[in-house]
Amino acid sequence: MQKKTKIGVGLGCAVVLMLSAGASATVTDLIRTDFYAGSGPVGVAKGDFDQDGDMDLAAVDQTVGGVTVLFNDGDAGYSMHSQYGLPAGMSGSSAIVSGDLDGDGDTDLAVAIGSAGFLESRVLIMTNNGSGVFTQSVFSTGYGPVDIAAGDLDGDGDLDLLTANYTGGSLTKLLNDGSGDFSTNSTVAARRNAQRVAVADLDNDGDLDLGLTWLHGAITLLNDGTGIFPAAGIHTAGTRPGGIEFGDVDADGDNDMVILDRTGGQAYLFFNSGAGVFTTQTQFAVATGPSAVAFADLDSDGDQDMAISSQSTAQIDTRINDGAGVFSVGPLLAVGALPMDILVSDLNSDGGLDLVTVNQTGNSVSVLTSLPCDADFTGDGVLDIFDVFAFLDAFSIQDPASDLTGDGIYDIFDAFAYLDLFNAGCP
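Mapping to the numbering used here: the sequence shown position 202 is 700, numbers consecutive.
This is the structure we're talking about:
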């Protein structure tokens with residue numbers, strides 16, 4: 499590699515002067531692509547199922563009850579898929595979760611089988627052979643499981659399962675023996691018409707607690723460390739609470755809670771005191787018919803923003819956190835018809851976060867990937883003078899990222915190339 503020296507200061511001045519009139523842009527645009535995901539899909543999960551280094555997807559459909567596994571081509575393309583029917587006598591999948599259930603290092607699947615009328619009472623375990631081919635087994639739950647979560651509930655090092663049971667008004671806890679056998683299970687009364695369940699450490703004691711929404715509210719239950727949940731807090735969240743998620747939105751080191759009111763079109767945000775007690779609450783209107791919510795740092799500023807799927811408007815409603823748990827309105831992103839579930843992940847391995855919804859009427863998943871912005875040297879999603887400084891810093895130490903001409907020489911032509919990128923702006 500050739501090297502040229504004594505141009506750093508002059509180059510820096512030249513670049514800054516040439517950009518003094520400057521431009522700034524915010525990276526907000528996403529490319530949307532829809533892929534077939536079965537008949538009436540309602541839930542989606544992620545994992546590197548074939549262990550090729552990228553993130554695959556799996557969707558479940560309520561109409562037929564099958565599971566569609568969508569394999570990533572490495573660039574967030576999901577045209578290749580495999581479909582699995584349910585065992586004889588079973589119908590109507592309602593939710594899906596992924597994780598290494600049998601401890602062999604690959605990602606398996608667990609599916610709540612609630613049927614369209616919420617009359618089933620089973621969970622389907624799909625064990626991965628390591629290449630994305632799955633073997634099925636069935637275990638019992640309470641009646642009408644509509645949601646499922648995975649986590650180490652009893653602290654023995656493997657993933658257990660929880661189902662929220664609509665018809666039974668109950669929770670089923672399925673304890674893993676470490677090999678993916680969930681024969682040890684118990685069903686306890688919870689609340690009538692259970693809706694959604696989520697797990698997180700709410701009281702900072704190192705174990706997983708849970709939150710459950712039901713027809714008229716929500717409850718949080720604190721784990722005693724052995725998978726027993728004796729303590730409950732009751733929370734009001736509109737007229738028909740649904741989606742629930744935990745995340746540290748105010749950067750105080752504990753998990754806060756958001757609950758969606760599907761009928762009222764509201765998000766209810768509960769702030770954690772640190773002991774699993776949610777004493778402070780705020781709410782704000784969101785796009786009508788909110789179905790699911792995910793926390794993620796959408797604007798790369800280090801805090802947790804929200805992405806909310808809206809059934810009624812076929813959109814993702816994004817909310818941007820100011821770092822203290824105050825959320826402003828972000829872009830509305832169009833997706834397929836009747837989005838029922840949402841997740842966030844880096845699907846094309848570019849270091850940025852992408853979005854996925856599963857769309858019941860659209861029979862699809864909508865995959866929204868970020869457009870690259872080569873001039874955004876800070877990687878914060880904003881194109882401004884700090885990117886210029888970052889480029890100059892990289893240039894001064896001959897970081898290969900600054901060799902924009904690709905000729906192995908660090909010279910004024912790299913600066914011109916950067917100017918062209920900067921002035922072109924970001925998508």
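All C-beta atoms, glycine included, are put in the ideal place defined by N, C-alpha and C.
Since we're looking at a predicted model, the values are computed, not measured.
#1: Run through the stretch 594 to 678 for me and flag every whole beta strand (DSSP E) of 3 or more residues, listed as ranges in chain order.
#2: So which of Gly821, Asp815 and Gly667 has the shortest CA-CA distance to threonine 786?
#3: Rounded C-beta distance between arginine 738 and leucine 713? I'm assuming under 8 Å.
#4: Do the CB positions of valine 558 and isoleucine 594 come within less than 7 Å of each other?
#5: Is the stretch 787 to 802 touching the stretch 725 to 732, taking contact as three or more C-beta pairs under 8 Å?
#6: Sorted by chain position, which residues of the same chain lie with C-beta nearer than 8 Å to arginine 620's C-beta, five sequence neighbours on each side aside?
#7: Measure the beta-carbon distance from glycine 460 to threonine 605 and round it to whole angstroms, keeping in mind my assumption that it falls under 8 Å.
#8: Considering only DSSP beta bridges, list what alanine 543 is partnered with.
#9: What's the gap between the Cα of isoleucine 742 and the Cα of methionine 755?
#10: Could you tell me the alpha carbon to alpha carbon distance between asparagine 857 and glycine 906, rounded to whole angstroms?
#11: Just confirm the distance between the C-beta atoms of serine 826 and glutamine 809, as a whole number of angstroms; I'd bet it's less than 8 Å.
#12: Quick one: what does DSSP say phenylalanine 914 is sitting in, helix, strand or coil?
#13: Under 8 Å: do the stretch 864 to 871 and the stretch 897 to 916 share three or more Cβ pairs, one atom per stretch?
#14: Are the CB atoms of glycine 649 and leucine 706 within a distance shorter than 7 Å?
#15: Please report the straight-line C-alpha distance between threonine 633 and threonine 734, rounded to a whole angstrom.
#16: Going by other Cβ atoms of all chains shown within 10 Å of its Cβ, with 16 needed for buried, is glycine 563 buried or exposed?
#17: Could you tell me the alpha carbon to alpha carbon distance between leucine 622 and glycine 666, rounded to whole angstroms?
#18: Measure how close the beta-carbons of alanine 873 and leucine 919 come, nearest whole angstrom, since I'm counting them as under 8 Å.
#19: Just to confirm my understanding: we take threonine 717, look at its own chain, exclude 5 residues before and 5 after, and list those with CB closer than 8 Å. What are they?
#20: Which of the three DSSP states is assigned to isoleucine 883 in this structure?
#21: DSSP has phenylalanine 875 in a bridge; who is on the other side?
#22: Work out the CA separation of aspartate 679 and aspartate 652 for me, nearest whole Å.
#23: With 16 other CB atoms within 10 Å as the buried threshold, where does serine 668 fall?
#24: Closest by CA to methionine 553, which one among Ala922, Leu841, Ile883 and Gly860?
#25: Distance, Cα to Cα, serine 807 vs threonine 777?
#26: Give me, in chain order, the residues of the same chain whose beta-carbon lies closer than 6 Å to that of threonine 566; leave out the 5 immediate sequence neighbours on both sides.
#27: What runs of the alpha helix (DSSP H), each 4 residues or longer, lie entirely inside the stretch 791 to 825?
#28: What does the Cβ neighbour count give for phenylalanine 782, buried or exposed, with the cut at 16 atoms within 10 Å?
#29: Just the C-alpha distance for methionine 624 and glycine 877, rounded to the nearest angstrom, thanks.
#30: Using the three-state DSSP reduction, which class does leucine 845 fall into: helix, strand or coil?
#31: Where do the N-terminal and C-terminal ends of the beta strand (DSSP E) with arginine 760 fall, by residue?
#32: Can you name the residues that DSSP bridges to isoleucine 840?
#33: Please name the residue, chosen from Phe914, Gln560, Ala749 and Gly740, that lies closest to leucine 584 on a Cα-to-Cα basis.
#34: With respect to the beta strand (DSSP E) encompassing proline 898, which residues constitute its N-terminal and C-terminal limits?
#35: Taking just the CA atoms, how far does phenylalanine 893 sit from valine 542?
#36: Taking buried to mean at least 16 other C-beta atoms within 10 Å of its own C-beta, is alanine 749 buried or exposed?
In terms of the structure at hand:
#1: Listed in chain order, they are 606 to 611, 620 to 626, 632 to 638, 643 to 649, 658 to 663 and 668 to 673.
#2: Asp815
#3: Contact flag correct, Cβ pair sits at about 7 Å.
#4: Cβ distance < 7 Å, so valine 558 and isoleucine 594 count as in contact.
#5: no
#6: Met588, Ile611, Val636, Phe637, Ser638, Thr639 and Pro643
#7: Absent from the structure is residue 460, since the part of the chain shown begins at 499 and ends at 925.
#8: Ala556
#9: 7 Å
#10: 47 Å
#11: Their Cβ separation, rounded to whole angstroms, is 23 Å, which puts serine 826 and glutamine 809 out of contact at 8 Å.
#12: helix
#13: With the cut-off at 8 Å, the stretch 864 to 871 and the stretch 897 to 916 do not touch.
#14: Yes, Cβ-Cβ distance for leucine 706 and glycine 649 is below 7 Å.
#15: 41 Å
#16: buried
#17: 18 Å
#18: Contact check for alanine 873 and leucine 919: beta-carbon distance about 4 Å, within the 8 Å limit, so the pair qualifies.
#19: Threonine is not the amino acid found at residue 717; the sequence shown has isoleucine there. Here the set comprises Ala688, Arg689, Gly709, Leu710, Ala730, Gly731, Ile732 and His733.
#20: helix
#21: None; phenylalanine 875 has no bridge partner.
#22: 15 Å
#23: buried
#24: Leu841
#25: 27 Å
#26: The residues Ala535, Gly536, Ala557, His579 and Gln581, in chain order, have a CB closer than 6 Å to that of threonine 566 in the same chain once the five nearest residues on each side in sequence are set aside.
#27: You should have found no qualifying run.
#28: exposed
#29: 38 Å
#30: Coil at leucine 845, not helix or strand.
#31: First-last for arginine 760: undefined, no H or E at that position.
#32: Thr855
#33: Gln560
#34: Here proline 898 belongs to no beta strand (DSSP E), and DSSP marks it neither H nor E.
#35: 43 Å
#36: exposed
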